[in-house]
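Enquirer:
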Amino acid sequence: MADTVKKASTSKAPRKTASVKAATGEVAPKKVTPSKKAVKTKVTAMAVSHERIAELAHRYWAERGRQHGHDAEDWLRAERELLGLAS
2 MADTVKKAST SKAPRKTASV KAATGEVAPK KVTPSKKAVK TKVTAMAVSH ERIAELAHRY
62 WAERGRQHGH DAEDWLRAER ELLGLAS
């Protein structure tokens, strides 16, 4: 069975530039750019309720062994997680 080999395609003749076309009196074709599908996304602000933040902060407090003095940290951690900003 013989192996088939693809031949390299020859390149096309170089295109004329706009200045050459203007000098020869040719009409320059309209510039065509490749079209990309535009993806429209709707971004909406996510409102997180006070109750949901409080529930999650309470869970963090309970998981930490109900130690007092870290309520602000728990609250901010809960806010970050619920808003999707946790790193």
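Each residue of the sequence shown is one higher than the last, beginning at 2 in the working numbering. We put the beta carbon where it would ideally sit given N, CA and C, even for glycine.
Could you check how far apart the C-beta atoms of Ala79 and Leu57 are, in whole angstroms? I think they sit under 8 Å.
Expert: 4 Å
Enquirer: Could I get the ranges of all uninterrupted alpha helix (DSSP H) runs contained in the stretch 36-85, with 4 residues as the minimum, in chain order?
Expert: 51-64, 72-84
Enquirer: Can you give me the C-alpha to C-alpha distance between Lys31 and Ala39, rounded to a whole angstrom?
Expert: Cα atoms of Lys31 and Ala39: separation of roughly 22 Å, rounded to the nearest angstrom.
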